[in-house]
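Encoded as structure tokens, the structure appears first; notes follow it.
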Amino acid sequence: MQKKSGGIFKELLENKQIFKDREYLRPSHIPENFPHRDEQVNRLARIWVAPLRGETPSNVFIYGKTGTGKTATVKYLMEELEHVAGDLSREVEVAYLNCEVVDTKYRILATLSNKIRETLVGEIDDVSDLPEKVPMTGWPTDEVYGTLLTLLDYRKQVIIVTLDEIDRLVSKGTSDVLYLLSRINSDLDNTKMGVVGISNNLNFVSDLDPRIVSSLGEEEVVFPPYDANQLEDILEERSEKGFADGVIEESVINLCAAHAARKHGDARKALDLLRNAGEIAEEEEAQKVTTDHVTRASRKIEHDRMEEAIKSLPDQSKLVLLSVLLLQERKARKIGTGDIYEVYSSLCRQHGWDVLTRRRVSGLISELDMMGVINARVVSNGRYGRTKEVELNVDPLQVRSAVQREIYIQDLDSLPLSKQKKLG
DNA sequence: CCTCCACCGGAAAGTCCGGTCG
DNA sequence: CGACCGGACTTTCCGGTGGAGG
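If you read the first sequence in my numbering, its first letter stands for residue 6, the second for the next number, and so on.
Shown next, in the form of structure tokens:
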């Protein structure tokens, strides 16, 4: 078995490579070309050329569903902007915040202020008269705001702040920070700030204070979803850089694009699918990536997504799901809400957990149905009442492994059910 | 045609919890 | 620090219902 030393690596190296550089196939990669986004790129560039002239750029709202290239486009333009500003020795700073991660007024102001402090520290000699770093918690909010103002005004510059997933702020009720930012320029003497809001949700403006909308939404740029042909162009471009020459069949890209187009024109999904197909092909040392690999990649992604969803379920929902599993393993007969509740409640008692109400469990069953983990439909058994008929919609083994971590799975037969259902 | 089972599912009130404000 | 707030999760309450059996 053992070959001469290093043999195993040499062998792998000599195999035909599927990938040239898989970084190009990751959604996080920021390309230089944005197929079918000329209009958006041009409009944004026209707005963001302002700081190069020392002017304040208009505030912009950018809308578009996930995977329409909003974030990548903005990040790319911001990098370019910094670049050119450097060449022209203009004082232009950019800051990017994701409101999904940084989601409170305090944290936004603190993060922003620390970022600006950091760039200053890198550029000036005497750091001693800068305000100190804002801790992640503890200060009064207006003190953080004051620090931010001091740092911003430390020298003359133009700064563009990007707030990605800005709609999260509205749904978390922290949109007042937007009001603060929208009028920050009146508190500043040297620096001018422009704000970019990126939103996945087209309607989020309607839940926003009109004052914020009028000042932050000076310009609006919409990123529509890609259709299948456009996705194909994107995949084509990426795969040329990411995959080795000739390993991709034309129909493969076609299929990936079609899959993703059906699912809301999400370029991220399309890329994930293509890359996963490549990884499967690589794993089995195939010479080419085929449509079969795509199909399997699609299944794998779906499988992983489901497993992730089940794992992140609240414990109570897991128990409900587990009850369905146990019932189904035991008897393939119709499973009704009552059956589930019975098993569920004895599982709860078994683990010493609170037992939720029937009403709640009924709701949880509906939620699991929405997720697609189970199928539930209401049926009437006439004389014998009305109930949801439930069946598992995923591999039972998958449920077991996803649920097992925190729940000790016991055999249904050894559970002390309150009453044994009709026998034979 | 009426009954009545075994639930469904909307509405509203209650509980918890993390975060914010004074 | 305690009062207060809003959101997520639950419970309580309850009117509603398709159809087998009478």
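Cβ atoms here follow ideal geometry from the backbone N, Cα and C, with glycine treated the same way.
Practice prompt. Identify, in the order they occur along the chain, each residue of the same chain with its Cβ nearer than 8 angstroms to the Cβ of Q425, setting aside the five sequence neighbours on each side.
Written response: At Q425, the pLDDT of 42 sits below 50, so the modelled position is not reliable; the number obtained from the coordinates is stated separately. So the list is empty, once near-sequence residues are dropped.
Worksheet item: Span of the beta strand (DSSP E) holding S350?
Response: Counting along the chain, S350 falls outside any beta strand (DSSP E), though it belongs to the alpha helix (DSSP H) covering 342-356.
Item to complete: Please specify which runs of the beta strand (DSSP E), each continuous and at least 3 residues long, are wholly inside the stretch 71-129, giving them in chain order.
Response: Here the runs fully enclosed are 97-103.
Discussion item. On the criterion of 16 or more Cβ atoms from any shown chain inside 10 Å, does M375 qualify as buried, or is it exposed?
Written reply: exposed
Fill in: Host alpha helix (DSSP H) of D277 (start-end)
272-288
Worksheet item: Exposed or buried, which one is Q45 when buried takes at least 16 other CB atoms within 10 Å?
Response: It counts as buried.
Practice prompt. Return the bridge partner residues of R391 from the DSSP annotation.
Written response: Residue pairing of R391 in beta bridges, as defined by DSSP: S385.
Worksheet item: Pairing CB atoms from the stretch 209-218 with CB atoms from the stretch 230-248, are three or more of them under 8 angstroms?
Response: When C-beta atoms of the stretch 209-218 are compared with those of the stretch 230-248, fewer than three pairs fall below 8 angstroms, so the two segments do not count as touching.
Discussion item. Mapping the DSSP letters down to three states, classify T61 as helix, strand or coil.
Written reply: coil
Practice prompt. Confirm, please, whether the CB-CB distance from G72 to A272 is below 8 angstroms.
Written response: yes
Practice prompt. Might you give, ordered along the chain, the residues of its own chain that have their beta carbon closer than 7 angstroms to the beta carbon of P230, omitting 5 neighbours on each side?
Written response: Excluding positions up to five away in sequence, the list reads K70, T73, H269, G270.
Worksheet entry | Enclosing beta strand (DSSP E) for T300 [first to last residue] | T300 -> not in any beta strand (DSSP E); alpha helix (DSSP H) instead, spanning 296-316.
Fill in: Under 8 angstroms between C-beta atoms of S367 and V360
In this structure, the beta-carbon distance from S367 to V360 does not fall below 8 angstroms.
Worksheet item: Which of helix, strand or coil does DSSP assign to K246?
Response: helix
Worksheet item: Where do the N-terminal and C-terminal ends of the beta strand (DSSP E) with T2 fall, by residue?
Response: As displayed, the chain neither begins before 6 nor continues past 429, which places residue 2 out of reach and without an answer.
Practice prompt. To the nearest angstrom, report how far apart I165 and R304 are at their CA atoms.
Written response: 42 angstroms
Fill in: Proximity below 8 angstroms, CB of V186 to CB of V200
A small fix is needed here, since residue 186 is Leu in this sequence, not Val. V200 sits close to L186, with the two beta carbons spaced by under 8 angstroms.
Discussion item. So, for S256: in the same chain, excluding its five sequence neighbours on each side, which residues have a beta-carbon less than 8 angstroms away from its beta-carbon?
Written reply: T296
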